[in-house]
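Trainee: Below you'll find the structure I mean.
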Amino acid sequence: MANSAQARKRVRQTQRRTTVNRARLSRIRTYVKKVETAIATGDKEAAKAALKDAQPELMRGAKVGVLHKNTASRKVSRLARRVAQM
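Following my numbering, the numbering of the sequence shown begins with 26 at its first residue and continues without gaps.
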């Protein structure tokens, strides 16, 4: 258990950041899932539109530190390649 005022404050801050980061990561996963669903159904226009929405979300996640920069770039690249191959 946190014994100092500083440690108690760090616990509060960590809980708050964890909640925000989980929400961000969930939002990113939802956008990626929309792209994958559009690819699975074979609707190229929907897949392009979903990718256009997902790309900024992934990069924003990398910017704020929820995802590593290379991870976000890799995901965008692979999704874009799959959409282009349709």
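Ideal Cβ placement from N, Cα and C applies to all residues, glycine included.
Note that the coordinates shown come from a computational prediction; the quantities given were computed from them, not determined experimentally.
Consult DSSP for aspartate 78 and reduce its assignment to one of helix, strand or coil.
Mentor: Looking at aspartate 78 - three-state DSSP - the assignment turns out to be helix.
Trainee: With 16 as the cutoff for other CB atoms within 10 Å, does valine 91 come out buried or exposed?
Mentor: Valine 91 is buried by the Cβ-count criterion.
Trainee: Determine the burial state of leucine 76: buried for a count of at least 16 other Cβ atoms within 10 Å of its Cβ, exposed for fewer.
Mentor: So leucine 76 counts as buried.
Trainee: Looking only at its chain, what residues have a beta carbon closer than 7 Å to the beta carbon of valine 101, apart from the 5 residues adjacent to it on each side?
Mentor: Closer than 7 Å at Cβ, skipping near neighbours: Gln80, Leu83.
Trainee: In terms of residue numbering, what span does the alpha helix (DSSP H) encompassing glutamine 40 cover?
Mentor: Unbroken alpha helix (DSSP H) run through glutamine 40: 30-66.
Trainee: Would you say methionine 57 and alanine 72 are within 8 Å of each other, going by their C-beta atoms?
Mentor: Here residue 57 is valine; the residue named in the question, methionine, does not match the sequence. Going by C-beta atoms, valine 57 is not nearer than 8 Å to alanine 72.
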